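Remarks on the structure that follows.
Okay, structure coming up:
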């Protein structure tokens, strides 16, 4: 049973096509960790535009996979980039997103043998 993600939107979008679901999950598992590294790099270097671009990129994926808290937090990251906030103001939020994604990936890999 999925505790760290929810595939209801993925199944609805795919008309319950298991191949499509598997493709979405594979993309999530492979691409989102790389995108998170890019957000982290943008935060670290105070490159707000870079952090925004990658936060914006993963936002729909977080929503699609039912990571609701991470989705709300990525909105906070986007808002932080727009005001060009201080790093200390977003570090905790980013770490929370990273942990939720990591937990979801671990569970998805186990549940779907990825």
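Residue numbers (the numbering used here): 352 to 465. Note that beta-carbon positions come from the ideal geometry of N, C-alpha and C, so glycine has one too. Predicted, not measured: the structure shown is a model, and the values here were computed from it.
Check                                                                                                                                                                  : Outcome
If residue 399 and residue 435 are in contact, beta carbons under 8 Å, what's the gap, nearest whole angstrom?                                                         : 5 Å
With distances taken Cα to Cα, identify the nearest neighbour of residue 455 among 443, 438, 391, 417.                                                                 : 417
Please determine if the stretch 379-393 and the stretch 438-449 are in contact, where contact requires at least 3 C-beta pairs separated by less than 8 Å.             : yes
So what does DSSP say about residue 373, is it helix, strand or coil?                                                                                                  : helix
Taking all protein chains shown into account, decide if residue 420 is buried (16 or more other Cβ within 10 angstroms of its Cβ) or exposed.                          : exposed
For residue 380, which residues of its own chain have a beta-carbon under 7 Å away from its beta-carbon, when the five flanking residues on both sides are left out?   : 456, 459, 460, 465
State the CB to CB distance for the pair residue 375 and residue 406, rounded to an integer number of angstroms; the pair is presumed to be in contact (CB under 8 Å). : In fact, because the Cβ distance is near 19 Å, the residues do not count as touching under 8 Å.
If you count every other CB in all the chains shown that lies within 10 Å of the CB of residue 432, and 16 or more means buried, which is it?                          : buried
Roughly how many angstroms lie between the CA atoms of residue 371 and residue 402, to the nearest whole one?                                                          : 29 Å
According to the Cβ coordinates, are residue 413 and residue 361 closer than 8 Å?                                                                                      : no
Return the Cβ separation of residue 462 and residue 353 in integer angstroms, given the expectation that the two are a contact with Cβ distance under 8 Å.             : 7 Å
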